[in-house]
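Under the working numbering, the first residue of the sequence shown carries the number 5, and numbering increases by one thereafter. Notes follow the structure.
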Amino acid sequence: MVKEDYDWDWTGAEVEYKRAIQLNPGSSATRAFYSNLLLEMGRLPEALSEAKNAEQFDLLSALANDNLSAVFYFSGEYDQSIDQCRKTLEFDPMNPQAHRHLGMAEAQKHDDVDAIRDLKKAIELSTESNEAVAELGYVFAVSGHEDEARSILQQLMRPAKPHVSQYHLAIIYAGLRERGKALDCLERAVKDRSPGVVHLKVSPLFLELRSDPRFSNCSDHSDGFSFSTGW
């Protein structure tokens, strides 16, 4: 996980995950983490297969179930992501990540009312997760509630607000369709190696930016040092 999240050494991380699975084939958590790495590498069929394996090894694991919903989400399978989130919430109704992923999948289905409700619940349960707050700002922006989106943007930009990355700000600017500011933030996020950057190529939040050369440069840098995806 250190190689993946901090070194951006995906090749090295894959070697370690495969060794961990070899040592303990029944570890649901390891398979879930490995599936996320495969997702970041753009190997979606493998990511989905491994995420399903993780769930089958522990059917009541909130981690494995929520991870599968995230892989569905980033694969563009929003209905399946929603179903998976609801399955997780049946046995873990206070899971903030499940509410968050449910809200984001609903947003991609243009179900803005439910998306806002579930993201607010995620924020409540996670003590105001900055990522969920930023995603709520995005949903407000794309659903025509610009004032609410800008209010959240200002909230995140307060000096006293801890652990706010440029990636979070880019999410809201993308929702507001302020391409220049979104790209400025993404460039700084890549430089800072902000959390979330590794999902640039698969995140649906930046679809409208993908044709911009500056975005291509950001996503190329987020490929890390060891591989290049086909995204």
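The beta carbon of each residue, even a glycine, is placed where N, CA and C say it ideally should be. Model, not experiment: these values are computed from the prediction.
Next item on the list: Rounded to whole angstroms, what's the CA-CA distance from Met5 to Ser65? Just pull it up for me.
Entry: Against the sequence shown, residue 5 aligns to sequence position 1. Against the sequence shown, residue 65 aligns to sequence position 61. Met5 and Ser65: Cα-Cα distance of roughly 19 Å.
Next item on the list: Rounded to whole angstroms, what's the CA-CA distance from Glu18 to Val75? Just pull it up for me.
Entry: The sequence position of residue 18 within the sequence shown is 14, counting from 1. The sequence position of residue 75 within the sequence shown is 71, counting from 1. Spanning the two alpha carbons is a distance of roughly 17 Å.
Checklist line | Residue from Val168, Lys124, Asp115 and Asn221 with nearest C-alpha to Lys205 | finding: One-based indexing of the sequence shown puts residue 205 at position 201. Looking from the CA of Lys205, the closest CA among Val168, Lys124, Asp115 and Asn221 belongs to Asn221.
Check: By Cβ distance, which residues of its chain are closer than 6 Å to Arg35, with the 5 residues on each side in sequence left out?
Finding: Within the sequence shown, the letter at position 31 stands for residue 35. Glu54, Asn57 and Ala58, listed in sequence order.
Checklist line | Other residues of its chain near Ile25: CB distance less than 6 Å, five sequence neighbours each side excluded | finding: Stepping through the sequence shown from its first residue, residue 25 is reached at position 21. For Ile25, where only same-chain residues beyond five positions count, the Cβ hits under 6 Å are Thr34.
Margin query: Which runs of the alpha helix (DSSP H) at least 4 residues long sit entirely within the region 115-170? Give them in chain order.
Written below: Listed in chain order, they are 116-129, 134-146 and 150-160.
Next item on the list: Would you identify the three-state DSSP class for Ser215, choosing helix, strand or coil?
Entry: In the sequence shown, the residue the question calls residue 215 occupies position 211. DSSP, read as helix, strand or coil, puts Ser215 in coil.
Note to self: Going by C-alpha to C-alpha distance, which of Tyr171, Ser169, Val137 and Ala102 sits closest to Ser155?
What the structure shows: On the sequence shown, position 151 is the one that residue 155 refers to. Sorting Tyr171, Ser169, Val137 and Ala102 by C-alpha distance to the C-alpha of Ser155 places Val137 at the top.
Notebook entry, point to check: In terms of alpha-carbon separation, which member of Ile120, Tyr142, Pro217 and Ser130 lies closest to Pro100?
Noted result: Residue 100 sits at position 96 when you count from the first residue of the sequence shown. For the set Ile120, Tyr142, Pro217 and Ser130, the Cα lying nearest the Cα of Pro100 is the one of Ser130.
Checklist line | Val206, DSSP secondary structure in three states | finding: The sequence position of residue 206 within the sequence shown is 202, counting from 1. Three-state result, Val206: coil.
Check: Are Asp115 and His103 closer than 8 Å when you measure CB to CB?
Finding: Counting from 1 along the sequence shown, the entry for residue 115 is found at position 111. Counting from 1 along the sequence shown, the entry for residue 103 is found at position 99. It is not a contact, given that the beta carbons lie outside the stated cut-off.
Checklist line | 8 Å contact criterion, which Ala153 and Gly141 should meet: CB distance rounded | finding: Taking the first residue of the sequence shown as 1, we reach residue 153 at position 149. Taking the first residue of the sequence shown as 1, we reach residue 141 at position 137. The distance from the Cβ of Ala153 to that of Gly141 is about 5 Å, consistent with a contact at the 8 Å cut-off.
Notebook entry, point to check: Which whole runs of the beta strand (DSSP E) in the region 23-84 are 3 residues long or more, in chain order?
Noted result: Here no run is fully enclosed.
Margin query: Tell me the residue span of the alpha helix (DSSP H) that contains Met98.
Written below: Taking the sequence shown and counting its residues from 1, the one referred to as residue 98 is at position 94. First-last for Met98: undefined, no H or E at that position.
Check: Which residue comes first and which comes last in the alpha helix (DSSP H) that contains Gly184?
Finding: Position 180 of the sequence shown, counted from the first residue, corresponds to residue 184. Note, Gly184: alpha helix (DSSP H), Arg183 to Asp196.
Check: CB-CB under 6 Å to Ser32, same chain, minus the five flanking residues each way: which ones, in chain order?
Finding: Locating residue 32 in the sequence shown gives position 28, counting from the first residue. Non-local C-beta neighbours of Ser32 in its own chain, meaning closer than 6 Å and more than five positions away in sequence, comprise Ala58, Phe61, Asp62, Ser65 and Ala68, ordered along the chain.
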